[in-house]
């Protein structure tokens, strides 16, 4: 008999993946990839936010140090202990105050009512503060917001900020090559039809100068090595360095943002709007309580630099109009100049908010990043669309909620 051959069993062959199976696999891969991108995006956003907050905190620490230095050399003479010897660092401030009083009270100035020393202190301190901590170029100008004529005016008659005055090169009768003013002017002259980048960068550039070259308070230039160097750059290509946020946008600095807290703050009697207060609370933690009534005189209705109301709450008789200061010009001829009134003192009195800020209103220096949406939602510090836009006026409410500031506390 023939032996039976074993039968070999073969496994059925697997056909290729069906179209449905391929689509399912591709869908799964797509979902996983999408999740990865989302997670990476969230991680990147968180990293930028953390970097921005850390950078702002470092800047705030340095800025606070300089503000304390400023306060140390502008201490009130009337509030100082008369039994203590006069500190040498106060001499320059007291000299400026006395000069202001003398010029204001000169009979030839025609100001009528004499100004007192304590009143002059407030005015001079305001002038010096904007010169020391500018948020825009005009803050570097003198008491009345007018640029000195460096070519003809003697140095002892100038009142521009030392930060600006040191940029002038008398040898060439022009701004020193490489100075902030020269570089900024050259960039703006080169592109006169579009200076939006220069405008957005101006405040950040000046803040950088305040921190690194603002040694007028007896403090050494700040060392910014502790800041992520990616947060220092030049977004408008004018060779002036800026302080940036994690998204590469210039930080914005406001020295007196009174309009952030109340957009209609030009009148002493105007109460606070709930929307304005809510907007400000997003950017500033721990705001003082306020009364929406017009009779409220709480902290939100008080200038932190003049808690006693020395200037801003007086009636309009003394400072109800622009005042004159008597001085000698470059030819040593006595002249009188109209100086813009720094502070309103009655509802009817004029007030050049284009130079200073709203009277009898809360304010605090602010550093602001536009956040992840890269939209600030607030008028720029050098905005000239109205006399008060530069005072932190909210322009687009929806854009401020992701902003990052030096005045926020806790998780954002």
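In the working numbering, the protein residues as written are 387 to 798. Beta carbons: idealized from backbone N, C-alpha and C, even for Gly. Since we're looking at a predicted model, the values are computed, not measured.
About 25 Å separates the beta carbons of residue 647 and residue 527, which is beyond the 8 Å limit, so they are not a contact pair. Ranking 541, 744, 629 by CA distance to the CA of residue 439 puts 629 first. When DSSP reads this structure, residue 638 sits in a beta bridge with 754. In the three-state DSSP reduction, residue 441 falls in the helix class (H, G or I). When the alpha-carbon of residue 752 is set against those of 419, 447, 693, the nearest one is in 447.
Counting along the chain, the unbroken alpha helix (DSSP H) around residue 589 starts and ends at 582-599.
Taking C-beta atoms as the reference points, residue 597 and residue 587 fail to come closer than 8 Å. Here DSSP, grouped into helix, strand and coil, assigns residue 662 to helix.
Excluding five sequence positions before and after residue 574, the CB atoms of its chain that fall closer than 7 Å to its own CB belong to 581, 584, given in chain order. The Cβ atoms of residue 764 and residue 781 sit closer than 8 Å to each other. Using a C-beta cut-off of 8 Å, the stretch 613-621 makes no contact with the stretch 491-501, since fewer than three inter-stretch Cβ pairs fall below that distance.
For the options 418, 610, 525, the alpha carbon positioned closest to that of residue 592 is the one of 525. The three-state reading of DSSP puts residue 670 in coil, since its state is none of H, G, I, E or B. Judged by beta-carbon spacing, residue 673 lies beyond the 8 Å limit of residue 789, meaning their Cβ atoms are not closer than that value.
Between residue 550 and residue 416, the alpha-carbon positions lie close to 58 Å from each other. Beta bridge pairing from DSSP links residue 561 with 554.
8 Å or more divides the Cβ of residue 522 from the Cβ of residue 774. In the DSSP assignment, residue 491 falls within the alpha helix (DSSP H) that extends over 477-491. Relative to the Cα of residue 488, the nearest Cα in the group 474, 507, 476 belongs to 507. Residue environment for residue 639: buried (at least 16 other C-beta atoms within 10 angstroms of its C-beta). With contacts defined as CB atoms closer than 8 Å, residue 452 and residue 605 qualify as a contacting pair. Annotated as distal: residue 671 and residue 637, with beta-carbon spacing of 8 Å or more. Here the alpha carbon of residue 510 sits roughly 8 Å from the alpha carbon of residue 486. Between the alpha carbons of residue 568 and residue 599 lies a distance of about 16 Å.
Using a 10 angstroms sphere on the CB of residue 412, the tally of other CB atoms stays under 16, which defines it as exposed. DSSP places residue 644 in the helix class (H, G or I) of the three-state scheme.
Spatial neighbours of residue 476 in its own chain (CB-CB distance under 7 Å, excluding positions within 5 residues in sequence) are listed in chain order as 459, 461.
Here residue 420 carries a helix assignment [DSSP, helix/strand/coil]. The residues 756, 760, in chain order, have a CB closer than 6 Å to that of residue 635 in the same chain once the five nearest residues on each side in sequence are set aside.
One Cα belongs to residue 784, the other to residue 664, and the distance between them is close to 12 Å.
Residue 456 places its beta carbon 8 Å or farther from that of residue 540. Here residue 770 is not near residue 504, since their CB atoms are 8 Å or more apart. Each of 555, 545, 620, 537 was checked against the Cα of residue 570, and the nearest Cα belongs to 620. Collapsing the DSSP output to three states places residue 628 in a strand. A direct Cα-Cα distance of roughly 43 Å separates residue 711 from residue 631.
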